[in-house]
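Written out below as structure tokens is the structure these notes cover.
Protein chains: 2
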Amino acid sequence: MKVIVETSARHVHVTKEVFEVLFGKGVELTKKKDLSQPGQFASNERVTVKGPKKDQPNVSILGPFRKACQVELSATDARSLGFDIAMRESGDIKGTPGCTLVGPCGEVEIAEGVIVAKRHIHMTPADAKEAGVKDSDIVSVKVDSDGRSLIFGDVVIRVRDDFALAMHIDTDESNAGLVAPGTMGEIIK
Amino acid sequence: MKVIVETSARHVHVTKEVFEVLFGKGVELTKKKDLSQPGQFASNERVTVKGPKKDQPNVSILGPFRKACQVELSATDARSLGFDIAMRESGDIKGTPGCTLVGPCGEVEIAEGVIVAKRHIHMTPADAKEAGVKDSDIVSVKVDSDGRSLIFGDVVIRVRDDFALAMHIDTDESNAGLVAPGTMGEIIK
Chain F
1 MKVIVETSAR HVHVTKEVFE VLFGKGVELT KKKDLSQPGQ FASNERVTVK
51 GPKKDQPNVS ILGPFRKACQ VELSATDARS LGFDIAMRES GDIKGTPGCT
101 LVGPCGEVEI AEGVIVAKRH IHMTPADAKE AGVKDSDIVS VKVDSDGRSL
151 IFGDVVIRVR DDFALAMHID TDESNAGLVA PGTMGEIIK
Chain Z
1 MKVIVETSAR HVHVTKEVFE VLFGKGVELT KKKDLSQPGQ FASNERVTVK
51 GPKKDQPNVS ILGPFRKACQ VELSATDARS LGFDIAMRES GDIKGTPGCT
101 LVGPCGEVEI AEGVIVAKRH IHMTPADAKE AGVKDSDIVS VKVDSDGRSL
151 IFGDVVIRVR DDFALAMHID TDESNAGLVA PGTMGEIIK
């Protein structure tokens with residue numbers, strides 16, 4: 001099975017409560033563009049992530065609001081900002097580093113949530129059936145490029161009715177493979 | 001055949017003439033530590049690389065001096081500083097972007113030499129014989145890690161009497177595989 005490979009740049013997810021401290025009471029998150037996963041979008045609002053060694057300004061907030069704040073960095077970012085690297089699936093933030101988020105109206109210290117995302121493939125149950133895989137399976141994905149072809153191991157399958165078929169990697173992984181926009185990967189088990 | 005996988009951080013190579021403009025006439029490059037390749041060393045001297053979008057301070061010079069200046073960046077760096085990405089083997093700099101190097105005593109504009117290094121394996125003729133490969137061959141290398149295992153394709157074999165057996169990848173490639181120091185890769189053809 002072939003799957004489009006999408007590169008996730010550094011971003012944050014926030015709760016409505018944290019957003020209002022950062023951007024002001026009653027202010028709304030505004031959509032910049034839709035993402036491949038239904039309902040998910042990049043917003044126009046940006047924050048600074050304060051790390052132990054360095055700050056990273058201009059980090060995009062992805063919407064909609066979530067139940068917990070989460071900061072997704074590349075390992076290059078995490079090292080540069082001074083965070084320990086906690087490679088996790090989205091949502092699995094227990095025991096990960098915290099940080100301070102800074103917006104135009106205020107700042108919030110989050111106790112945990114700074115992760116390097118584990119590479120993964122979103123798919124529907126129908127896709128999973130076609131590929132012969134199930135939720136939480138680990139697969140490899142072959143990605144060809146001009147001079148930096150790779151086979152990614154340890155790719156997590158994530159199955160949900162409201163997912164769209166796409167593989168997500170971070171900027172380090174994308175750069176390691178010089179993965180151009182629109183590149184298709186091949187799932188190999 | 002197994003080979004140690006070493007991560008090259010961003011660095012520059014300079015000529016003696018350029019070094020003296022940057023650091024002063026008669027000043028010597030001083031060794032900080034030896035590298036795995038015989039005669040090669042990291043120096044204590046550091047420069048700023050001025051890119052079209054941003055500057056990168058504190059970039060280590062590797063010695064000894066070379067016949068041409070060369071700046072080796074990760075693709076993450078190259079994008080961040082604003083350079084076009086020219087993925088090349090070391091020494092193959094024709095037509096690559098130029099930049100300005102800044103030292104404590106002066107600055108020099110180089111017309112070309114900013115590259116993203118093509119991943120490669122240094123080896124002796126005896127190693128090549130044992131592995132059943134020759135100079136310029138392209139191989140794949142399997143690298144296992146805790147949660148980000150990879151098979152690197154497009155790895156160039158470089159054979160010379162004065163090389164030591166080691167695979168070199170950049171920080172993006174290392175982070176994409178969470179490659180710990182001392183990790184061994186397996187050459188697969």
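Chains as they are written, first to last, in this note's numbering: chain F, 1 to 189; chain Z, 1 to 189.
By construction, the Cβ of each residue, glycine as well, lies at the ideal position given by its N, Cα and C atoms.
If you drop the 5 nearest sequence neighbours on each side, which residues of the same chain put their C-beta closer than 8 Å to that of residue i?
i               : result
L165 of chain Z : V3, I4, I121, H122, M123, T124 and D127
V21 of chain F  : G103, C105, G106, E107 and V108
V12 of chain Z  : V47, V49, V59, S60, I61, L62, C69, Q70, V71, E72 and L101
E130 of chain Z : M1
R66 of chain Z  : H13, V14 and T15
I85 of chain Z  : A75, A78, R79 and V116
K31 of chain F  : F41, A42, S43, N44 and G63
Anyone know if the C-beta pair for residue i and residue j falls short of 7 Å?
i               : j               : result
V47 of chain F  : R10 of chain F  : no
V116 of chain Z : V139 of chain Z : no
G256 of chain Z : F83 of chain Z  : The structure shown does not extend to residue 256 of chain Z, since chain Z is modelled only from 1 to 189, so the question has no answer here.
E45 of chain Z  : L29 of chain Z  : yes
R119 of chain Z : I169 of chain Z : yes
V197 of chain Z : L150 of chain Z : In this structure chain Z extends from 1 to 189, so residue 197 of chain Z is not present and cannot be described.
G26 of chain Z  : F41 of chain Z  : no
D172 of chain Z : S74 of chain Z  : yes
I61 of chain F  : S43 of chain F  : yes
D157 of chain Z : V133 of chain Z : Correcting the residue identity first, residue 157 of chain Z is Ile in this sequence and not Asp. Yes.
T76 of chain Z  : T7 of chain F   : no
Count the other CB atoms, across all protein chains shown, that sit within 10 Å of the CB of residue i; report buried if there are 16 or more and exposed otherwise.
i               : result
M87 of chain F  : buried
S174 of chain F : buried
G185 of chain F : buried
G182 of chain F : exposed
D146 of chain F : exposed
P97 of chain Z  : buried
Which residues in the same chain have their Cβ closer than 6 Å to the Cβ of residue i, if we skip the five residues on either side of it in sequence?
i               : result
T100 of chain F : K50, E107 and E109
D162 of chain F : P38
Q56 of chain Z  : V49 and L81
R148 of chain F : G177 and L178
Could you pull out every residue in the same chain whose Cβ sits closer than 7 Å to the Cβ of residue i, ignoring the five residues on either side in sequence?
i               : result
I93 of chain F  : A68, Q70, E112, G113 and I115
G153 of chain Z : S140
K33 of chain F  : F41 and A42
K199 of chain Z : Residue 199 of chain Z lies beyond the range of chain Z shown here (1 to 189); nothing can be said about it.
F23 of chain F  : E45, G103, P104 and C105
G95 of chain F  : E112
G136 of chain F : Looking at the sequence itself, residue 136 of chain F is Ser, so the reference to Gly does not match. If we look at S136 of chain F and ignore the five residues flanking it on each side, its Cβ neighbours are V156 and I157.
F19 of chain F  : L29 and F65
Is residue i close to the ligand NAD? I mean its beta-carbon at under 6 Å from any heavy atom of the ligand.
i               : result
V141 of chain Z : Here there are no bound small molecules, and the ligand NAD is not part of this structure.
Under 7 Å, Cβ to Cβ, is there at least one residue of chain C near residue i?
i              : result
G51 of chain Z : The structure shown contains no chain C; its protein chains are F and Z.
Taking a cut of 9 Å between CB atoms, which residues from the segment 170-181 of chain F lie near chain Z?
D170, T171, D172, E173, S174, N175, A176, G177 and L178
What residues from the segment 85-111 of chain F come within 8 Å of chain Z, judged by C-beta to C-beta, listed N to C?
I85 and M87
Could you list the residues in the segment 126-155 of chain F with a C-beta less than 7 Å from some C-beta on chain Z, going in chain order?
G147, R148, S149, L150, I151, F152, G153 and D154
Members of the segment 66-79 of chain Z that neighbour chain F once the beta carbon cut-off is set at 7 Å:
S74, A75 and T76
Taking three-plus beta-carbon pairs below 8 Å as touching, is the segment 171-183 of chain F in contact with the segment 21-38 of chain Z?
no
Under 9 Å (Cβ pairs) to chain Z, residues found in the segment 45-65 of chain F
none
Going along the chain, which residues of the segment 1-29 of chain F sit with their C-beta nearer than 7 Å to a C-beta in chain Z?
none
At a CB distance below 9 Å, what residues from the segment 115-126 of chain Z approach chain F? Give them in sequence order.
V116, K118 and R119
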